[in-house]
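First up is the structure itself, then whatever we jot down about it.
Number of protein chains: 2
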Amino acid sequence: MPRPVILGIVGDSASGKTTISRGLVRVLGEESIAHICTDDYHRYDRAQRADLQLTPLNPGCNHLDIIAQHLQHLRRGEPILKPVYRHQDGTFGPAEYVRPGRFTIIEGLLGYHLPEMREVYDVRIFLDPPEDVRRRWKVQRDCSRRGYTTDDVLAELDRREADSEQFIRPQRHYADMTISFLSPGGGDDGTYLDAELILGDGLPHPDLTPFVGDRPDGLTLRERDGERVLRIPGRIDPELASAIEEAIWSRMHFATHLRARRLGEFTVATDLRRSEALALVQLLVLYHLVTARAMVALGGDRARVDTDAAAAV
Amino acid sequence: MPRPVILGIVGDSASGKTTISRGLVRVLGEESIAHICTDDYHRYDRAQRADLQLTPLNPGCNHLDIIAQHLQHLRRGEPILKPVYRHQDGTFGPAEYVRPGRFTIIEGLLGYHLPEMREVYDVRIFLDPPEDVRRRWKVQRDCSRRGYTTDDVLAELDRREADSEQFIRPQRHYADMTISFLSPGGGDDGTYLDAELILGDGLPHPDLTPFVGDRPDGLTLRERDGERVLRIPGRIDPELASAIEEAIWSRMHFATHLRARRLGEFTVATDLRRSEALALVQLLVLYHLVTARAMVALGGDRARVDTDAAAAV
Chain A
1 MPRPVILGIV GDSASGKTTI SRGLVRVLGE ESIAHICTDD YHRYDRAQRA DLQLTPLNPG
61 CNHLDIIAQH LQHLRRGEPI LKPVYRHQDG TFGPAEYVRP GRFTIIEGLL GYHLPEMREV
121 YDVRIFLDPP EDVRRRWKVQ RDCSRRGYTT DDVLAELDRR EADSEQFIRP QRHYADMTIS
181 FLSPGGGDDG TYLDAELILG DGLPHPDLTP FVGDRPDGLT LRERDGERVL RIPGRIDPEL
241 ASAIEEAIWS RMHFATHLRA RRLGEFTVAT DLRRSEALAL VQLLVLYHLV TARAMVALGG
301 DRARVDTDAA AAV
Chain R
1 MPRPVILGIV GDSASGKTTI SRGLVRVLGE ESIAHICTDD YHRYDRAQRA DLQLTPLNPG
61 CNHLDIIAQH LQHLRRGEPI LKPVYRHQDG TFGPAEYVRP GRFTIIEGLL GYHLPEMREV
121 YDVRIFLDPP EDVRRRWKVQ RDCSRRGYTT DDVLAELDRR EADSEQFIRP QRHYADMTIS
181 FLSPGGGDDG TYLDAELILG DGLPHPDLTP FVGDRPDGLT LRERDGERVL RIPGRIDPEL
241 ASAIEEAIWS RMHFATHLRA RRLGEFTVAT DLRRSEALAL VQLLVLYHLV TARAMVALGG
301 DRARVDTDAA AAV
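Those protein sequences? They're chains A and R, same order as listed.
For the first sequence, this note's numbering begins at 1 and goes up steadily by one.
For the second sequence, this note's numbering begins at 1 and goes up steadily by one.
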């Protein structure tokens with residue numbers, strides 16, 4: 001059996017990691033995915049962190065060496081015994097036995113911090129929403145699902161800012177694709193957020209130039225600070241969106257059996273919604289996964305530019 | 001730094017594993033020892049085992065593949081994140097970060113079950129007391145320290161007998177040294193139990209033939225079923241015991257700084273006692289550890305006969 005394909009989804013708290021991966025799980029099927037959140041590898045529980053005045057964004061607050069060790073096992077197709085951190089009460093539970101899936105998603109805060117972690121992934125995504133969007137998302141989630149008050153969450157965001165800046169954001173340089181959802185008019189509920197992708201040089205991206213132009217409801221592609229930035233408007237022309245989807249699917253004809261499953265869904269509290277821009281973003285990630293899988297099945301690894309070097313350019 | 005030396009101490013429940021290792025820890029020093037009990041790798045907690053009608057002696061009741069994986073990390077000098085099983089209430093606790101020590105003791109029920117486990121150890125001990133002695137020890141320990149009644153413990157021993165026979169006892173064939181404590185007259189309190197050692201062909205043992213004879217208070221060495229059996233009487237002549245200790249220490253002159261520390265202590269409930277035969281047994285294990293350490297430090301591994309093949313002879 002070919003080795004598992006490993007996808008990294010890294011970003012700050014409430015940056016949309018789970019929303020991205022949920023669509024991939026829906027398309028690829030639960031049975032072929034293992035999904036690991038590196039929050040489980042916290043070194044201290046919530047009470048200890050409070051005593052030590054440490055945030056979970058601090059590398060010293062996490063067993064990063066063990067994450068790297070476990071990633072290497074998973075990539076070789078080997079099982080791990082994974083620690084468990086319970087967000088409900090901030091304590092640790094019994095360890096869990098986890099086998100890698102054909103696709104293995106590693107989601108977390110510091111997934112690209114160590115070189116020996118970075119080299120494990122076939123595809124590296126970094127989520128980088130603007131702070132105003134991320135703050136809104138974090139308040140929504142932590143109040144509705146983790147039992148905090150708005151004031152708690154805002155104070156926690158302030159307390160974490162220095163670590164976000166020092167440890168989380170620099171990881172964007174290692175990404176094959178950096179994803180932001182932007183609210184150009186402000187105050188959007190999510191359905192019509194624009195997606196902005198920075199296309200790294202590490203992996204070959206599908207050619208979308210035939211669809212690029214300067215229409216406000218179409219794709220735009222431009223250079224910014226030496227990076228290629230693709231923008232997908234939240235209110236993209238539905239016919240154009242279909243044509244783009246068609247073009248991407250046609251480049252992964254070996255995976256067309258997956259087409260029937262829906263992409264682009266997300267939740268606001270318990271309300272299920274759909275975003276066309278999110279669907280296209282997920283499809284681009286899926287493209288990279290399916291292509292990596294095909295290369296691994298053929299006995300090779302995907303051609304990867306040395307992204308550390310590329311990031312330094 | 002040279003890689004850690006790995007000692008296996010395997011045997012059934014209450015066969016004396018902790019008593020043997022406690023003396024080694026006392027001599028080698030807490031700071032240079034990591035001590036791991038493979039009970040932590042149970043797959044099911046106590047309630048689940050009861051539902052499934054499985055004993056912890058059943059290989060399927062333990063994450064043996066993960067034990068093998070962790071042993072390999074420890075031998076390479078790498079840390080592990082170890083699961084934790086709590087004997088007090090039969091549940092799992094938070095995982096623990098463990099670094100290997102210069103000497104790393106792996107103690108447990110099934111440590112030699114898989115070939116990839118067996119190949120990790122530098123020294124393999126198997127504890128094999130007669131059933132009447134082990135039953136007495138298990139009742140003493142489980143009633144005084146784990147909150148069971150005598151009837152509980154005896155019923156549990158009966159329930160485990162088939163698995164003991166099928167899974168635990170066959171592992172003696174992989175040992176470099178099999179250790180039994182015998183009560184020739186019956187009913188002994190432990191201080192004067194005889195020690196009987198089966199000296200495997202896997203490692204070179206120190207030459208004790210100058211001390212062997214047929215005195216009832218001296219060492220005897222004989223062949224039994226093709227195995228070399230060394231007997232150390234519980235009431236060994238104290239002068240002879242000192243001479244033997246001297247001889248063994250003289251063969252590990254690079255470790256004489258350890259001599260001041262006491263061997264041979266054991267507890268019955270909360271009562272601390274000492275056995276000369278236990279002290280000599282621990283010293284023989286120590287000899288193998290210190291010799292393995294010297295070989296590793298010299299850049300080689302200890303010459304080991306293929307004990308799997310030897311066991312098959």
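Every residue gets a Cβ at the ideal spot worked out from N, C-alpha and C, and that includes glycine.
Small disclaimer: the values here were computed from a predicted structure and weren't measured.
In this structure, DSSP gives E265 (chain A) an extended state, which the three-state scheme calls strand. Boundaries for M295 (chain A): no beta strand (DSSP E) harbours it, while the alpha helix (DSSP H) harbouring it runs E276 to A297, taken from the DSSP string. Setting aside the 5 residues that flank it on each side, R160 (chain A) is surrounded in the same chain by T55 and L57, each with a C-beta closer than 7 Å to its C-beta; the list follows chain order. If you draw a straight line from the Cα of L219 (chain A) to the Cα of I36 (chain R), it is about 58 Å long.
Per the C-alpha coordinates, the member of R:R145, R:H63 and R:H113 positioned closest to H87 (chain R) is R:R145.
Contacts with chain R (Cβ-Cβ distance below 8 Å) from the region 46-69 of chain A involve H63, D65, I66 and Q69, listed in chain order.
Annotation: I168 (chain A) to V139 (chain A) spans about 19 Å, alpha carbon to alpha carbon.
Per DSSP, reduced to three states, the secondary structure at H63 (chain R) is coil, with no helix or strand assignment.
Chain-ordered, the chain A residues with CB closer than 8 Å to the CB of Y97 (chain R) read R43, H63 and I66. Under the DSSP assignment, L240 (chain A) falls outside any beta strand (DSSP E), being part of the alpha helix (DSSP H) whose first and last residues are P238 to S250. The C-alpha of L203 (chain A) lies about 6 Å from the C-alpha of D176 (chain A).
Taking a Cβ-Cβ threshold of 8 Å, the residues of chain A close to H73 (chain R) are Q69, in chain order. Counting along the chain, no beta strand (DSSP E) covers L24 (chain A); the unbroken alpha helix (DSSP H) around it starts and ends at K17 to L28. For E30 (chain A), the closest C-alpha among the options A:Q72, A:G101 and A:D237 is that of A:G101. Look at E119 (chain R) here: in three-state DSSP terms it is coil, with no helix or strand label. Fewer than three Cβ pairs drawn from the region 219-239 of chain R and the region 259-266 of chain R lie within less than 8 Å of each other, which leaves the two stretches out of contact. In the three-state DSSP reduction, H70 (chain R) falls in the helix class (H, G or I). Cβ-Cβ distances below 6 Å link R26 (chain R) to R261 in the same chain, with the five nearest sequence neighbours on each side left out; the list follows chain order. For Y174 (chain A), the closest alpha carbon among the candidates A:V133, A:S183 and A:P115 is that of A:P115.
Excluding residues up to 5 positions away in sequence, R135 and K138 lie with their Cβ nearer than 7 Å to the Cβ of L157 (chain R) in the same chain.
Inclusion of G16 (chain R) and L197 (chain R) in the CB contact set at 8 Å is not warranted, their separation being larger than that value. Boundaries for S180 (chain A): no alpha helix (DSSP H) harbours it, while the beta strand (DSSP E) harbouring it runs M177 to L182, taken from the DSSP string. In the DSSP assignment, D194 (chain R) falls within the beta strand (DSSP E) that extends over D194 to L199. In the displayed model, R215 (chain A) falls within coil according to three-state DSSP, outside both helix and strand. Taking a beta-carbon distance threshold of 8 Å, E131 (chain A) does not count as an interface residue toward chain R. Residue R:T209 holds the alpha-carbon nearest to the alpha-carbon of I232 (chain R) among R:S250, R:D163 and R:T209. In this structure I20 (chain A) does not touch L74 (chain A) by the C-beta definition: roughly 19 Å separates them, more than the 8 Å allowed. Bounds of the alpha helix (DSSP H) holding A162 (chain A) are T150 to D163. Look at L81 (chain A): its C-beta is under 8 Å from a C-beta on chain R. Between the region 79-99 of chain R and the region 275-293 of chain A, the count of Cβ pairs shorter than 8 Å is below three; the stretches do not touch.
The straight-line gap separating the alpha-carbon atoms of S32 (chain A) and P4 (chain A) is approximately 10 Å. Interface annotation, E78 (chain R): in contact with chain A, CB-CB separation under 8 Å. When rounded, the separation of the alpha-carbon atoms in R172 (chain A) and S180 (chain A) is 11 Å. As the crow flies, the alpha-carbon of L286 (chain R) is around 7 Å from that of L24 (chain R). Judged by DSSP in its simplified three-state form, Y112 (chain A) adopts coil rather than helix or strand. When A:A269, A:A277 and A:H253 are compared, the shortest CA-CA separation from L240 (chain A) is found for A:A277.
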